[in-house]
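Chain order of the listed sequences is S, D and X.
Residue numbers for the first sequence follow my numbering, so the first one is 1 and each next one is one higher.
Residue numbers for the second sequence follow my numbering, so the first one is 101 and each next one is one higher.
Residue numbers for the third sequence follow my numbering, so the first one is 454 and each next one is one higher.
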Amino acid sequence: MVPTAYYLVLAAMLFSIGIGAFLIKRNVITIFISIELMLNAVNLTFVAFAHMWHQVNGQIFVFFVMVVAAAEAAVGLAIIISIFRTRRTLNVDEIDLMKS
Amino acid sequence: MSHLTNFEVYLLLSVIKVAVVLVITLMCVAYTVLLERKLLGRMQNRWGPSRVGPFGLLQPLVDGAKLFLKEDLMPTAVERPLFLLAPLIALGCALVSVAVVPFGAVTTVKGVDMFELANVNIGLLVILGITSIGVYGIALSGWSSNNKYSLLGSLRSTAQVISYELALGLSLVGVVLRSQSLNLRRIVDVQSTHGMLSWNIFGGFQFVAFFIYLMAAYAETNRAPFDLPEAETELVAGYHTEYSSMKFAMFFMAEYANMITAGCVATLLFFGGATSPFGHTFVGFLNTRFFNAVFPVLWFVVKVFGFLALYIWVRATLPRFRYDQLMSFGWKFLLPLAMANIILTSFVLAMRG
Amino acid sequence: MQLALFIIFGALAVGGALNLLFQRHPINSALSLVVVMMSLAVLYWSLGAEFLAAAQVIVYSGAIMVLFVFVIMLLNAGEEEHTTGSRAAYTVGIPGAAAIFCLLSFVFLSERTALKGANIGGDLGNGADNIAAVSAMLFTKQLLPFEVTSILILVAILGAVVLARKEQ
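Here you go:
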């Protein structure tokens, strides 16, 4: 009988590690990966609450979050590839101007 | 046995089951290599390995000993953790898939089903998931080899596998629609009502889905005619150029274990699994507990053997695809055909009520 | 035993997330995220969401992360260095993330009794069919969001193909 609060605290821990990685890292792809980590932490929260209320709506919302994350990953990586083609670098500190 | 609790009996029987199934699977992998060499040889009008032991039956043991005793090279510039991890992922995923496959009828000994390792409600999705994770073995092997030919070979192979995974998954939806469940035992039970006529390929009218599955499985396991990434004349040896002895043997075993898994899934989903093609006509005939347990396993083995022979037959017969032909075949032909199959199957099932 | 399952896979998830934070090369971060996702799939299963566990493995760690690994291998930009921007981010980012974590866990732990406990497997133990329940809701009451997400995926495919194409 694990208290539901423990699952939520685990999700909060993953979310805050994701925020830390988002702020600290300088590689664009790693920043993108930390966004996926934050989305996963939120998914865990939704599933824990779906279990608590014995409803399936939480799981359906997680399904939609996964779909949106997939679409966002595809488009975001395509943007990163086209940025790399022009700037030849993936360091966020060097891609900070609209004019190359 | 009376002084052990229920849980301990369950644990002991499960461990014995896992050990036996694992050993048998590894032996099957080794002898599938021999089967391929013999069948390819006979189709090319030569003998195949026939000197070591009667009919060459000791050849896999000798091959295993040779691979073990070869020098295990580790080039200096490879990324060691990923280099060591890649064949482990490939072989591990190939062997774990056999855990949800029911290879016999339901036979319980002290409450434990003897012919299935794990009866999972989403067994089919577990097999698809494990196939998806096996892609990492290929991707990481090319990357960690620090060699541009290996990297290109592994990227091509990864793109091929993930393209055909979609067609593979979609072709199985028709089967799931007919049996209303993802549980592999339930899918097999739905096909056991009238013997051969109720198998999914005949009575379930899933022959188009079967051919889509067959082609997608050939592409997933990197076998002919889709074996461009490991052809000897292309890209040196593809993604396992830098591997030697034990790690190469693991990739090799992973490929044949994937073949066996694809054959097991095809028999379960399209050919009735462990049920006999004669259905209930011989039900009174050797009705002892022993024969009721053994005969379904024999039928399953015969069907998987037929699949392996089909794999090898296709390898001996067809030339390989070029890479762009391969990708356009997967995306522009198989995927729309699989979707059309789903729509047609659900339409027919809705009409029947 | 359920507590042991939770602790093992929770620790694996947190370890993977910390590894993501501390690794220099993006491919190691991507592989750590795959570890996090697989352990989250086990946790979903323990909460009774078996379809989501399978979807997490097949879609998230088997397709989306393969896409990330693919792009990292193709672009091959190397490890990251420590710049002045990153040092400033260290002093602000780590305390900020720690503050958010403390706030959230305080809220969750103070409501611990109201949130009740989680049986392992959730409703699966009573023989409830999770996939039947999810699809009954998804294709009747949530049909509009479902169709809209399929259009979203179509738009994303078109966008990705156009953006990643070589200039002619």
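No residue lacks a Cβ here, since even glycine has one placed at the ideal position from N, Cα and C.
Since this is a predicted model, take the numbers as computed values, not measurements.
is_contact[residue i, chain A] using C-beta, thresh 8 Å
{"i": "Glu600/X", "result": "Looking for chain A here will not work: the only protein chains present are S, D and X."}
CB contact check: residue i to chain X, cutoff 8 Å
{"i": "Leu44/S", "result": "yes"}
{"i": "Gly229/D", "result": "yes"}
{"i": "Ile24/S", "result": "yes"}
{"i": "Met145/S", "result": "Since the first residue shown for chain S is 1 and the last is 100, residue 145/S is missing from the structure and cannot be characterised."}
{"i": "Ile95/S", "result": "no"}
{"i": "Ala309/D", "result": "no"}
{"i": "Met1/S", "result": "yes"}
{"i": "Ser257/D", "result": "no"}
{"i": "Met38/S", "result": "no"}
{"i": "Ile360/D", "result": "no"}
{"i": "Val235/D", "result": "yes"}
{"i": "Thr35/S", "result": "What sits at residue 35/S in the sequence shown is Ile, not Thr. So, not an interface residue."}
{"i": "Val109/D", "result": "no"}
{"i": "Val65/S", "result": "no"}
Environment of residue i [buried if 16+ CB atoms lie within 10 Å]
{"i": "Cys555/X", "result": "exposed"}
{"i": "Met451/D", "result": "exposed"}
{"i": "Ser114/D", "result": "exposed"}
{"i": "Asp327/D", "result": "buried"}
{"i": "Ala585/X", "result": "exposed"}
{"i": "Phe592/X", "result": "exposed"}
{"i": "Met13/S", "result": "buried"}
{"i": "Val608/X", "result": "exposed"}
{"i": "Leu528/X", "result": "buried"}
{"i": "Gly453/D", "result": "exposed"}
{"i": "Lys117/D", "result": "buried"}
{"i": "Leu434/D", "result": "buried"}
{"i": "Lys166/D", "result": "exposed"}
{"i": "Val545/X", "result": "exposed"}
{"i": "Asn247/D", "result": "buried"}
{"i": "Asn40/S", "result": "buried"}
6 Å Cβ shell around residue i - same chain, five flanking residues per side excluded
{"i": "Gly303/D", "result": "Leu297"}
{"i": "Glu179/D", "result": "Ser244"}
{"i": "Ile222/D", "result": "Leu282"}
{"i": "Ala50/S", "result": "Gly58, Gln59"}
{"i": "Val220/D", "result": "Val200, Val226"}
{"i": "Val455/X", "result": "The residue asked about is misnamed: residue 455/X is Gln in this sequence, not Val. Same-chain partners within the cutoff: Ile573."}
Option nearest residue i by Cα separation, candidates the options
{"i": "Ala362/D", "options": "Gly379/D, Ala349/D, Lys166/D, Val404/D", "result": "Val404/D"}
{"i": "Val209/D", "options": "Tyr411/D, Leu122/D, Arg389/D", "result": "Arg389/D"}
{"i": "Leu134/D", "options": "Gly153/D, Arg142/D, Glu355/D, Leu157/D", "result": "Leu157/D"}
{"i": "Leu500/X", "options": "Phe459/X, Pro479/X, Met491/X", "result": "Phe459/X"}
{"i": "Glu600/X", "options": "Ser82/S, Phe64/S, Leu90/S, Leu97/S", "result": "Phe64/S"}
{"i": "Val495/X", "options": "Ala483/X, Thr566/X, Ala508/X, Ile480/X", "result": "Ala508/X"}
{"i": "Arg256/D", "options": "Asn441/D, Asp289/D, Asp424/D, Leu449/D", "result": "Asp424/D"}
{"i": "Thr125/D", "options": "Ala354/D, Phe183/D, Thr207/D, Ser344/D", "result": "Ala354/D"}
{"i": "Ser603/X", "options": "Leu90/S, Val67/S, Ile83/S", "result": "Val67/S"}
{"i": "Ile80/S", "options": "Leu44/S, Ile33/S, Ala5/S, Tyr6/S", "result": "Ile33/S"}
Same chain, Cβ closer than 8 Å to residue i, neighbours up to 5 away in sequence not counted
{"i": "Asn106/D", "result": "Gly211"}
{"i": "Glu320/D", "result": "Thr231, Val261, Tyr264, Glu265, Leu268, Asn358, Ala362"}
{"i": "Ala366/D", "result": "Phe310, Tyr313, Leu314, Ala317, Phe407"}
{"i": "Ala71/S", "result": "none"}
{"i": "Val196/D", "result": "Ile230"}
Cβ neighbours of residue i in the same chain (closer than 7 Å, five flanking residues each side left out)
{"i": "Gln306/D", "result": "Gly274, Val275, Asn300, Phe370"}
{"i": "Asp93/S", "result": "Arg26"}
{"i": "Leu473/X", "result": "Ser482, Ser485, Leu486"}
{"i": "Trp498/X", "result": "Ala506"}
{"i": "Leu182/D", "result": "Leu240, Trp243, Ser244"}
Below-8 Å beta-carbon distance, residue i vs any chain D residue
{"i": "Phe462/X", "result": "no"}
{"i": "Glu503/X", "result": "yes"}
{"i": "Met590/X", "result": "no"}
{"i": "Ala609/X", "result": "no"}
{"i": "Val615/X", "result": "no"}
Closer than 8 Å to chain S by CB, residue i
{"i": "Ala507/X", "result": "no"}
{"i": "Leu520/X", "result": "yes"}
{"i": "Gly570/X", "result": "yes"}
{"i": "Asp582/X", "result": "no"}
{"i": "Leu456/X", "result": "yes"}
Near the ligand FAD: residue i beta-carbon under 7 Å from a heavy atom
{"i": "Ala21/S", "result": "Only the bare structure without any ligand can be found here, which leaves the ligand FAD out of the picture."}
CB-CB length for residue i against residue j, believed under 8 Å
{"i": "Lys25/S", "j": "Ile31/S", "result": "6 Å"}
{"i": "Val488/X", "j": "Gly469/X", "result": "4 Å"}
{"i": "Ser245/D", "j": "Thr341/D", "result": "7 Å"}
{"i": "Gln291/D", "j": "Gly373/D", "result": "7 Å"}
{"i": "Leu557/X", "j": "Ala73/S", "result": "25 Å between Cβ atoms; not a contact."}
{"i": "Asn572/X", "j": "Met52/S", "result": "Going by Cβ atoms, the distance from Asn572/X to Met52/S rounds to 11 Å, so no, they are not a contact pair."}
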